[in-house]
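Residue numbers (the UniProt record's numbering): 1 to 887. Here is the structure we will look at, set down as structure tokens.
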Amino acid sequence: MPYVPIEWLREHVDVPSGTTAEQLAADLVKVGLEEEQIVPPAVTGPLVVGRVLTRDAKEQSNGKVINYCRVDVGAEHNDAPGTGKEPSELPSRGIVCGAHNFEVGDSVVVSLPGAVLPGDFAIAARKTYGHTSDGMICSAKELGVGEGPDAATGIIVLDQWLPEHGHDGEELPAPGTNAIPLLGLGDEVLEINITPDRGYAFSMRGVAREYSHSTGARFTDPADGANTGLFPNGVAEGREDGFPIRFAEDASPIHGRPGVDRYVARVVRGVDPAAPSPQWMHDRLTAAGMRPISLAVDVTNYVMLDLGQPLHAFDLGKLSAPIVVRRAQPGETLAFLDEVTRALDPEDLVIADSPAGEGSRALVLAGVFGGAETEIDESTTDVLIEAAHFDAVSIARSARRHKLPTESSKRNERGVDTRLQAVAAQRAVDLLVEYGGGTADDAVTDVDRTVAPEPIVIRADAAERLTGVAYGTPRVTELLTAVGCTVEPAGTDSEGHELLSVTAPTWRPDLVGAAHFAEEVARLDGYDAIPVVVPQAPAGTGLTVRQKARRDVVRALADAGLTQVLSYPFVGDVHDRLGLPEDDPRRKALRLANPLAEDAPLLRTSVLDSLVEIARRNVSRGLPDVAVYELGAVTLPEGTVPACIVGVDHRPSAEEVAALEAGIPNQPTHVGAVLAGERVRSGVLGAGRPWDWADAVQVVRTVASALGVAVEVSAPEEPVAPWHPGRTAEVRLASVREGKDLVPGALVAHAGELHPRVAKELGLPARACAVEIDLELLLDAVEAAGVLQVRAIPTFPAAKEDVALVVDESVTAAAVEAVVREAAGELGEEVRLFDVFRGEQLGEGRKSLAFSLRLRGDHTLTAEETAGVRKRIVKRAAKRLGAELRG
1 MPYVPIEWLR EHVDVPSGTT AEQLAADLVK VGLEEEQIVP PAVTGPLVVG RVLTRDAKEQ
61 SNGKVINYCR VDVGAEHNDA PGTGKEPSEL PSRGIVCGAH NFEVGDSVVV SLPGAVLPGD
121 FAIAARKTYG HTSDGMICSA KELGVGEGPD AATGIIVLDQ WLPEHGHDGE ELPAPGTNAI
181 PLLGLGDEVL EINITPDRGY AFSMRGVARE YSHSTGARFT DPADGANTGL FPNGVAEGRE
241 DGFPIRFAED ASPIHGRPGV DRYVARVVRG VDPAAPSPQW MHDRLTAAGM RPISLAVDVT
301 NYVMLDLGQP LHAFDLGKLS APIVVRRAQP GETLAFLDEV TRALDPEDLV IADSPAGEGS
361 RALVLAGVFG GAETEIDEST TDVLIEAAHF DAVSIARSAR RHKLPTESSK RNERGVDTRL
421 QAVAAQRAVD LLVEYGGGTA DDAVTDVDRT VAPEPIVIRA DAAERLTGVA YGTPRVTELL
481 TAVGCTVEPA GTDSEGHELL SVTAPTWRPD LVGAAHFAEE VARLDGYDAI PVVVPQAPAG
541 TGLTVRQKAR RDVVRALADA GLTQVLSYPF VGDVHDRLGL PEDDPRRKAL RLANPLAEDA
601 PLLRTSVLDS LVEIARRNVS RGLPDVAVYE LGAVTLPEGT VPACIVGVDH RPSAEEVAAL
661 EAGIPNQPTH VGAVLAGERV RSGVLGAGRP WDWADAVQVV RTVASALGVA VEVSAPEEPV
721 APWHPGRTAE VRLASVREGK DLVPGALVAH AGELHPRVAK ELGLPARACA VEIDLELLLD
781 AVEAAGVLQV RAIPTFPAAK EDVALVVDES VTAAAVEAVV REAAGELGEE VRLFDVFRGE
841 QLGEGRKSLA FSLRLRGDHT LTAEETAGVR KRIVKRAAKR LGAELRG
């Protein structure tokens with residue numbers, strides 16, 4: 001995120017004196033630049049210039065030599081030990097110091113009690129080595145203004161330090177002078193958050209422009225040399241005799257775009273490699289979060305932060321003409337500045353040269369990161385400055401491919417001003433000449449194949465249509481012109497609406513449509529001017545039948561003790577772990593072209609595909625008792641017709657919309673559940689009870705009951721993965737009689753115990769259970785049923801009857817129950833299986849199923865009527881199932 005030092009910003013726009021970082025943040029947020037944080041000053045409290053009056057060195061018992069010094073820190077801060085004329089008796093402070101790189105009479109930097117240094121290091125008076133140290137003489141590292149061993153072991157001697165940091169010819173400040181501004185440590189710095197479409201704001205130039213939009217302050221574009229005075233000799237134009245640059249086949253266009261369309265190269269010779277960066281540049285880079293390195297590198301970083309144009313500095317002596325901008329070759333590698341050699345991809349754009357007899361040599365990953373072979377070092381005297389405009393998409397992909405989100409790539413991938421390259425290169429050249437003593441070559445290379453932005457015709461009321469604010473054409477023209485757009489009348493459209501022809505400025509490559517210009521109008525006029533209007537819901541509407549039904553399902557399962565979860569619908573090899581056969585239709589999953597994770601490229605065809613991972617994760621983290629469910633869409637690609645992508649230049653026709661809809665795969669709503677561990681935990685009241693297959697079946701019954709849909713449960717004719725072959729049920733809609741035949745209903749769900757191999761493969765406890773419900777079938781049944789008909793509450797007493805039927809083991813309880821219900825007819829209010837018995841007296845392969853019946857009619861039933869029901873049940877069960885009445 002960009003850092004905005006106020007002092008630096010003030011160089012480009014009139015920021016009132018006394019403006020705080022908090023006030024600056026409030027102004028910038030009005031135009032969409034949000035505050036990330038306010039970085040406090042590196043040093044707070046009294047930090048002053050001191051002059052060493054005495055230095056008394058004493059060796060301690062541990063062999064360490066320390067200095068007790070009397071330091072003049074100014075009349076405001078000195079104590080008064082005496083009135084004599086000896087240095088030790090003059091007003092001063094006593095300070096203990098372990099460094100030895102200073103002498104009596106030197107000017108130093110002193111932090112007094114109450115100061116806080118970087119790292120939250122508070123200074124206080126304390127007794128040490130037999131003396132009271134009433135402050136601290138500071139090193140560069142302690143103040144955060146230097147790196148390396150010398151910065152840590154030696155204190156700052158201003159007599160030497162100031163000339164080394166660009167303060168030649170200045171008088172040494174008097175004792176007591178505030179050292180914070182002298183060292184550039186005193187300003188708060190605002191860090192702002194930049195949205196991806198506004199790359200121009202990654203520069204002081206861009207932020208200053210936005211501050212001007214927000215406050216009306218006068219803005220001076222630093223890229224306009226005529227107004228700023230930054231370029232007294234102007235900006236040099238390209239010549240044919242400049243350093244040779246070649247675009248290899250227009251840098252091998254990928255996805256229809258060339259990798260580079262402008263490349264400026266400037267040469268500066270005779271730069272002093274030991275020349276330090278000026279202190280003001282050092283301070284600004286530090287405040288912006290960058291570490292100063294050397295003059296040439298610091299200049300490129302400074303210009304990038306100031307103008308927004310990334311630069312690269314080559315050691316000219318290590319280059320072999322010509323420079324070639326090309327795509328990487330298959331198998332090519334590049335040694336980077338971070339001492340890591342990376343394999344390049346053929347889509348990577350590189351800067352290369354052509355050493356004699358060596359072929360083309362990659363030097364830089366273009367727009368992202370520099371290479372080690374041509375880096376600036378302590379012996380570099382001749383420098384070539386590169387300022388180029390690269391394809392934003394190519395840079396973004398290379399940065400992500402190699403995991404190199406550099407300051408350069410952040411700007412290049414968001415789009416850089418195509419008119420800025422020559423200006424930025426000139427600014428870098430002038431700084432190297434001024435501070436490095438170099439000489440700029442007259443020959444300038446500027447290969448420019450950029451295309452000026454095309455005008456876009458929009459409706460004058462485009463912003464009003466989106467925001468509801470009547471800006472009017474004059475206001476729209478004023479605001480777009482302030483952004484830098486060229487706005488001209490363009491007549492009216494066929495419906496009489498006024499049109500404007502708008503050409504975006506080169507620094508705003510994100511302005512490519514009417515909505516973008518409308519956003520600029522709304523942003524600059526003020527988002528607070530957009531009225532807050534809550535839309536009114538029309539009377540008589542509300543949730544649809546299906547929406548209500550879905551909510552009923554969610555509520556019913558939660559009431560049943562299950563926990564609702566949401567999982568990502570992206571899966572990988574889960575079908576193998578679920579043991580699905582190779583020809584199972586659930587394996588026909590839609591593959592994503594750009595998956596979020598390489599190991600999950602498919603869209604689930606079953607809710608269980610992703611739900612089992614949630615259950616596994618809970619179990620693996622010490623939660624073995626799991627009862628989770630999810631209601632969500634699955635994707636079934638069978639029958640999907642590929643559709644072409646419709647352009648955005650016109651409203652799609654009905655045929656195009658139909659084609660797009662045909663290209664959307666079927667996405668029905670399913671409900672899945674996984675049950676594992678104990679349903680009732682063991683405790684002092686008795687033994688626990690695990691979840692079992694019957695509980696899984698009950699989940700389906702709960703859903704059907706919540707929707708008021710009748711279902712039938714039976715054993716599947718063939719094993720179904722991933723369930724246990726003998727502990728699985730299939731649930732169908734209630735059978736329908738067609739003539740004399742009873743036609744089974746549509747298959748709604750499978751429920752039961754997972755196969756032992758599957759449970760082990762998934763990392764779930766043994767005998768874990770699962771449910772998968774096609775909710776669409778139940779919702780269709782709810783819609784088909786229409787208005788729910790509620791029966792009147794019966795006023796006559798119920799009659800009870802029990803019947804026990806002996807059947808073969810192969811006959812399911814559901815089949816017997818269906819016959820009992822059918823025979824009971826309208827009188828059967830409730831049929832419940834309450835006992836299953838097997839014994840020798842019944843014979844091998846036989847079982848007894850006992851049912852309890854509650855009968856009720858529109859009158860008090862007689863004993864003959866209830867006995868008749870019992871007889872019908874026994875007769876029909878015997879005929880259809882071979883059942884016998886248990887004696």
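For each residue, glycine too, the CB sits at the ideal point set by N, CA and C. What you are looking at is a predicted structure, and each value in this text was computed from that prediction instead of being measured.
Asked, Found
"Check Thr195 in the structure and name its three-state DSSP category.", "coil"
"Within the continuous beta strand (DSSP E) that includes Asp802, where are the two ends?", "799–808"
"Which runs of the beta strand (DSSP E) spanning at least 3 residues fall entirely within the region 314–394, listed in chain order?", "323–327, 333–335, 341–343, 349–353, 361–365, 383–390"
"Pick out the complete alpha helix (DSSP H) segments inside the UniProt domain \"B5\" (451–532), 4 residues or longer, and give them in chain order.", "462–467, 473–483, 514–525"
"Could you give the C-beta distance for Glu656 and Val646, rounded to a whole number, given that I count them as a contact under 8 Å?", "5 Å"
"Pick out whichever of Glu35, Ser133, Val628 has its Cα sitting closest to the Cα of Val554.", "Val628"
"Could you say which of Arg266, Leu230, Glu865, Val15 lies nearest to Ile245 if we only look at CA atoms?", "Arg266"
"Residues in the same chain with beta-carbon distance under 8 Å from Val469, minus the five sequence neighbours each way, listed in chain order, please.", "Ala463, Ala522, Asp525, Ala529, Ile530, Pro531"
"How long is the line joining the alpha carbons of Gly484 and Pro474, rounded to whole angstroms?", "16 Å"
"From the DSSP output, in three-state form, read off Asn618 for me.", "helix"
"Here's the rule: buried if 16 or more other CB atoms are within 10 angstroms of the residue's CB, otherwise exposed. What is residue 910?", "No answer is possible for residue 910: it lies beyond the span of the chain, which begins at 1 and ends at 887."
"Let's test the definition: count the other Cβ atoms within 10 Å of the Cβ of Leu778 and tell me whether it reaches 16, buried, or not, exposed.", "buried"
"Is the distance from the Cβ of Leu158 to the Cβ of Val109 below 8 Å?", "yes"
"What whole-angstrom Cβ distance do Ala751 and Ala696 have, given they're in contact under 8 Å?", "4 Å"
"Excluding five sequence neighbours on each side, which residues of the same chain lie with their C-beta closer than 6 Å to the C-beta of Gly436?", "Val271, Asp272, Ala275, Leu295"
"Is the shortest distance between the beta-carbon of Leu833 and the beta-carbons of chain B less than 8 Å?", "Absent from the structure: chain B. Only one protein chain is present."
"According to DSSP, simplified to helix, strand and coil, what is Glu240?", "coil"
"Tell me whether Ala792 is buried or exposed, calling it buried when 16 or more other Cβ atoms sit within 10 Å of its Cβ.", "exposed"
"Is Ala395 near Gly367, with beta carbons less than 8 Å apart?", "Here residue 395 turns out to be Ile, not Ala, going by the sequence shown. Result yes, Cβ atoms of Ile395 and Gly367 sit closer than 8 Å."
"Taking all protein chains shown into account, decide if Ser494 is buried (16 or more other Cβ within 10 angstroms of its Cβ) or exposed.", "exposed"
"Between the Cα of Arg55 and those of Ala504, Asn101, Ile38, His516, spot the shortest distance and give me the residue it belongs to.", "Asn101"
"Just the Cα atoms here: how many angstroms apart are Gly887 and Glu809?", "18 Å"
"Where does Lys588 fall in DSSP's three states?", "coil"
"Does the separation of the CB atoms of Pro175 and Val73 fall below 8 Å?", "yes"
"Under three-state DSSP, which class holds residue 896?", "Since the first and last residues shown for the chain are 1 and 887, residue 896 lies out of range."
"Based on DSSP bridge pairs, tell me the residues matched to Val299.", "Partner(s): none; Val299 has no beta bridge."
"Look up Pro668 in the DSSP assignment and give the residues it is bridged to.", "DSSP output for Pro668 lists no bridge partner at all."
"Going by Cα to Cα distance, which pick from Ile155, Asp134, Thr812, Glu829 is closest to Lys847?", "Thr812"
"Apart from the five residues on each side of it in sequence, which residues of its chain come closer than 7 Å, Cβ to Cβ, to Thr492?", "Glu498, Leu499"
"First and last residue of the beta strand (DSSP E) that includes Pro5?", "3–5"
"Pairs of beta-carbons, one from the region 201–220 and one from the region 10–20, closer than 8 Å: are there three or more?", "yes"
"Let me know the secondary structure DSSP gives Ala751 once reduced to three states.", "strand"
"For Cys644, does the count of other Cβ atoms within 10 angstroms reach 16, so buried, or fall short, so exposed?", "exposed"
"Taking its Cβ as the centre, do 16 or more other Cβ atoms sit within 10 Å of Asp441, making it buried, or is it exposed?", "buried"
"Between the Cα of Ala818 and those of Val806, Val807, Val831, Glu826, spot the shortest distance and give me the residue it belongs to.", "Val831"
"Within the continuous beta strand (DSSP E) that includes Pro714, where are the two ends?", "In the sequence as displayed, the identity of residue 714 is Ser instead of Pro. Ser714 -> beta strand (DSSP E) spans 711–714."
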